[in-house]
Amino acid sequence: MLTHFDTIKSTTTGLLGIAELEEDVFYVVSANVSSVQGVPGSNTIWRLDMRGHGSFSASNRTAKPEPSLSLVANIGSAQLLNGMCRLSDHDATSLLISDSQAGRIFKLDAHTGSFQIIIDDEALKSSSEGLQVAVNGIHVQGSYLFFTNLNKGIFGRIPISLSTGIPTGPVEVIVQGVQGDDFAVSTDGKTAWIAMNGQNRLVEVDIPARSARVVAESSYLASASAVSFGRTLLDRDSLYISSAGVLDATIGTSNTVTGGIVARVDLV
């Protein structure tokens, strides 16, 4: 069942990355997107607080708080903010955000709204050819920031400080030839599952072996853009994949093969 919680009332036309910094407190990237390019000056981060949300309390049947939406920051220097993740499981303040057009990583203080560029590396940028969407999905696991670069077909990682987010070593390319979007990483940091937007596929990466293979292929995954693990005992070994209509970037239009969906892939 889908529930409409709130509407971001701004001039932006798209929602991109989302991250949970505290339990039931989510942060969302909003930007004005023209075709696959961002509009500088339109990138904002919003906070959606859903703590205690529900129709009634089981104990006294009183109404629970409605979700609250508030603006955290307007990142005017960004070109196209996209992927977003928390810096550390022990940090309820810091978010990392990818700029897919500029090829760099921002760090945002979700409490103060202050931000800075902390990673600006050639591996995160686009080449002169192809779709100009570079660093895309980002996730921290262990002491590494994992990332996809859609334009260059890279899945890689960067060792970082979990207190500052600043790199502590060089970029490491794990596999090439994977034009991936967002992804999920196992808790042991040995496996990743990448949404191959526009390719109908979910790819599994064996990180120590530096190899990749297709583990799911379906028209339901035509525009697969994000992957996330289940959160309960019943689905913690399952992946949920969001997918939308097929985007034809050459003409800037969207042709919907199926409606927006959430697909589930069971790993065991």
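Letter by letter, the sequence shown follows residues 1337 to 1604 of this note's numbering. For every residue, glycine included, the Cβ atom is placed at its ideal position computed from N, Cα and C.
Tell me which residues share the same chain as residue i and place their Cβ nearer than 7 Å to its Cβ, disregarding the 5 neighbours each side in the sequence.
i	result
Gln1477	Val1521, Gly1525
Ile1597	Tyr1556, Ser1579
Gly1489	Gln1512, Gly1513, Val1514, Gln1515
Ile1543	Ile1510, Gly1525, Lys1526, Thr1527, Ala1528
Ser1479	Pro1495, Ile1496, Leu1498
Asn1487	Ser1462, Ser1463, Gly1466, Leu1467, Gln1468, Val1469, Ala1470
Nearest-angstrom Cα distance between residue i and residue j?
i	j	result
Ile1527	Val1539	The sequence shown places Thr at residue 1527, not Ile. If I take the Cα positions, the gap works out to 10 Å.
Leu1338	Pro1506	Residue placement at Leu1338 is poorly supported in this model, since its pLDDT is 47, which falls under 50; the coordinates still yield a value, given next. Each residue's Cα considered, the two are about 42 Å apart.
Glu1402	Ala1414	31 Å
Asn1379	Arg1567	30 Å
Phe1491	Gly1466	17 Å
Ala1394	Asp1385	Only weak support exists for where Ala1394 lies, its pLDDT of 47 falling under 50; the value from the coordinates is given anyway. Cα to Cα, Ala1394 sits roughly 21 Å from Asp1385.
Gly1501	Ile1433	11 Å
Phe1483	Asp1435	12 Å
Ser1462	Gly1388	42 Å
Leu1405	Trp1382	7 Å
Val1511	Ala1545	10 Å
Asn1368	Ala1558	23 Å
Leu1444	Ala1548	32 Å
Arg1493	Thr1349	31 Å
Ile1454	Val1563	25 Å
Arg1537	Asp1427	33 Å
I'd like the list of long-range same chain contacts for residue i, defined as Cβ closer than 8 Å, with 5 residues on each side in sequence excluded.
i	result
Ser1561	Asp1517, Asp1518, Ala1531, Asn1533, Ser1578, Ser1579, Ala1580
Going by DSSP, what residue range makes up the beta strand (DSSP E) through residue i?
i	result
Gln1512	1508-1512
Asp1456	Note, Asp1456: premise wrong, no beta strand (DSSP E); not H, not E.
Ile1354	1350-1358
Pro1495	1490-1495
Asp1445	1440-1445
Ala1599	1597-1602
Val1471	1471-1477
Ser1366	1361-1367
Arg1383	1380-1385
Thr1484	1480-1485
Starting from the C-beta of residue i, find all residues in its chain whose C-beta is less than 6 Å away, skip the five residues before and the five after it, and write them out in chain order.
i	result
Val1604	Asp1573
Ala1599	Tyr1556, Ile1577
Arg1497	The question names Arg, yet the displayed sequence has Ser at residue 1497. Contacts found: Thr1504.
Ile1411	Asn1379, Phe1451
Glu1553	Asn1536, Arg1537
Thr1374	One point to set straight first is that residue 1374 is Gly, not Thr, in the sequence displayed. Excluding positions up to five away in sequence, the list reads Ala1367, Gln1415, Leu1416, Gln1437.
Using 8 Å as the cut-off, can you tell me whether the region 1470-1486 makes contact with the region 1432-1448, which would need three or more C-beta pairs spanning the two stretches below that distance?
Yes, the region 1470-1486 is in contact with the region 1432-1448.
Decide if the region 1351-1358 is in contact with the region 1411-1430; the criterion is three or more beta carbon pairs, one per stretch, under 8 Å apart.
yes
Secondary structure, beta strand (DSSP E): runs of 3+ residues fully inside the region 1500-1576
1508-1512, 1519-1521, 1527-1532, 1537-1542, 1547-1553, 1560-1565
Just to confirm the assignment: which complete beta strand (DSSP E) runs, minimum length 3, are found wholly within the region 1400-1431?
Within the region 1400-1431, the complete beta strand (DSSP E) runs of at least 3 residues fall at 1404-1410, 1417-1422.
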